Each structure stands twice: as structure tokens, then as C-alpha cells.
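Structure (C-alpha cells):
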């Protein structure tokens, strides 16, 4: 998993990760919410998302280099599940909001 944050890049070994994105994002240890943009709602401690540095409140801004700031959460999940790269690379920025 590759997570981009301002001034930070995170890489995670792919050992133990699912073979497909069929159950993304839950299979990688996080949940999304939002109507566009999408935000990280929760991260399972010890999961690949946790180890990569995702945090609740992070805003998802791109997936595999494609701008997703205007996609609803269901549209973002549908897109991610069609991608061949497992897991897809996502870019996030820290943006804490009350949700």
C-alpha cells in the first residue's frame, strides 16, 4: 500500500494483503464516508492501512493518480474495486472534520 501525505510517503509490504480489491477498503483495514470528497472514517489498529499511516479524518484526493476529490464514497469504492493494482495507491491529505 502506498499512501501520500504532504511531505510524507508511506510504503507497506504486501505480505498478507488480499489478492484483489473486491472488498476494498474494509479488507485493507479502513472505512470511508462522505458525499464527495471521501474521508477516512476509521482505521483498524494493526491493519495495513494503520501501518501505512492512514488516520481518521484524512481526505482521499487521488487513487492511482486519478483525482477523486469530487467522487462520492460509493463511486470511489466502485472505482477502486475495478483497479488491477492491489492495493491501489491512494493520496490523502489530513483534513479533520466533525463527522
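Numbering (the working numbering), first residue to last: 3 to 101.
Ideal placement from N, C-alpha and C gives every residue a C-beta, glycine not left out.
All values reported here derive from a predicted model rather than from experimental measurement.
TODO: Could you tell me which of 95, 59 and 91 sits nearest to residue 34, measuring between CA atoms?
DONE: Indexing the chain shown from 1 puts residue 34 at position 32. Ranking the options by Cα distance to residue 34, first place goes to 59.
- [ ] Spatial neighbours of residue 49 within its chain, please: CB distance less than 6 Å, with the 5 preceding and 5 following residues excluded, ordered by chain position.
- [x] As a first step, residue 49 must be located in the chain shown, where it is residue number 47. Hits under 6 Å: 31.
- [ ] Rounded to whole angstroms, what's the CA-CA distance from residue 95 to residue 21? Just pull it up for me.
- [x] Taking the first residue of the chain shown as position 1, residue 95 is located at position 93. Taking the first residue of the chain shown as position 1, residue 21 is located at position 19. If I take the Cα positions, the gap works out to 27 Å.
TODO: Alpha carbon to alpha carbon, how far is residue 56 from residue 71? Give it in angstroms, no decimals.
DONE: Taking the first residue of the chain shown as 1, we reach residue 71 at position 69. Taking the first residue of the chain shown as 1, we reach residue 56 at position 54. Cα to Cα, the separation comes out at about 17 Å.
Task: Sequence-distant residues of the same chain with beta carbon closer than 8 Å to residue 69, five excluded per side - done: Residue 69 sits at position 67 when you count from the first residue of the chain shown. Hits under 8 Å: 63.
- [ ] Excluding the 5 residues preceding and the 5 following residue 40 in the sequence, name in chain order all residues of the same chain whose CB lies nearer than 6 Å to its CB.
- [x] Indexing the chain shown from 1 puts residue 40 at position 38. Contacts found: 34, 62, 75 and 78.
- [ ] Following the continuous alpha helix (DSSP H) through residue 83, name the residue where it begins and the one where it ends.
- [x] Indexing the chain shown from 1 puts residue 83 at position 81. Start and end: 75-84.
Task: Beta-carbon contacts of residue 24 that lie in its chain and below 7 Å, excluding the five residues immediately before and after - done: Locating residue 24 in the chain shown gives position 22, counting from the first residue. So the list reads 83, once near-sequence residues are dropped.
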